[in-house]
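Everything below concerns the one structure shown next.
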Amino acid sequence: MTMRLRNRTMHADDLQPYLAGGPSERVAYLPAKSARQTVAETLAAMANAGGGIAILGVTAKGTPQGTVDGAALRDLVV
Numbered sequence: 177m178t179m180r181l182r183n184r185t186m187h188a189d190d191l192q193p194y195l196a197g198g199p200s201e202r203v204a205y206l207p208a209k210s211a212r213q214t215v216a217e218t219l220a221a222m223a224n225a226g227g228g229i230a231i232l233g234v235t236a237k238g239t240p241q242g243t244v245d246g247a248a249l250r251d252l253v254v
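In terms of this note's numbering, the sequence shown opens at residue 177 and continues consecutively.
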């Protein structure tokens, strides 16, 4: 898995500190089946608070949810 973080590419290994550290004001865990409204509210709150990282496709405890449709996740945030 690869994602863009401003001008840097993040790989799956880069997510480990965020997953191990648990959710916080700057880190949100969102399941793959999150409602579009939930994702929008989370991203808006983070933007208004100065930034953060939303990790989609993980459980509330930060466990990856196995096979996840990447295109469906992109559609949630676009």
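Every residue, glycine too, gets a C-beta built ideally from N, C-alpha and C.
Outcome for G197 when other beta-carbon atoms lying within 10 angstroms are tallied against a minimum of 16: Your numbering for residue 197 matches position 21 in the sequence shown. Answer is exposed; the Cβ neighbour count stays below 16.
D251 to Y194 span [Cα, whole Å]: Taking the sequence shown and counting its residues from 1, the one referred to as residue 251 is at position 75. Taking the sequence shown and counting its residues from 1, the one referred to as residue 194 is at position 18. The alpha-carbon atoms of D251 and Y194 are separated by roughly 23 Å.
Start-to-end residues for the beta strand (DSSP E) that takes in A211: As a position in the sequence shown, residue 211 is number 35, starting the count at 1. Where A211 is concerned, there is no enclosing beta strand (DSSP E), given that its DSSP letter is neither H nor E.
Reduced DSSP category for T235 - H, G, I as helix; E, B as strand; rest coil: For this step, residue 235 is matched to residue 59 along the sequence shown. If DSSP states are grouped into helix, strand and coil, T235 belongs with coil.
Short Cβ contact (8 Å threshold) for I231 with L206: As a position in the sequence shown, residue 231 is number 55, starting the count at 1. As a position in the sequence shown, residue 206 is number 30, starting the count at 1. Closer than 8 Å, so yes.
Beta-carbon proximity of A211 to Q241, cut-off 8 Å: For the purposes of this step, residue 211 is taken as the residue at position 35 of the sequence shown. For the purposes of this step, residue 241 is taken as the residue at position 65 of the sequence shown. Taking 8 Å as the Cβ cut-off, A211 and Q241 do not qualify as a contacting pair.
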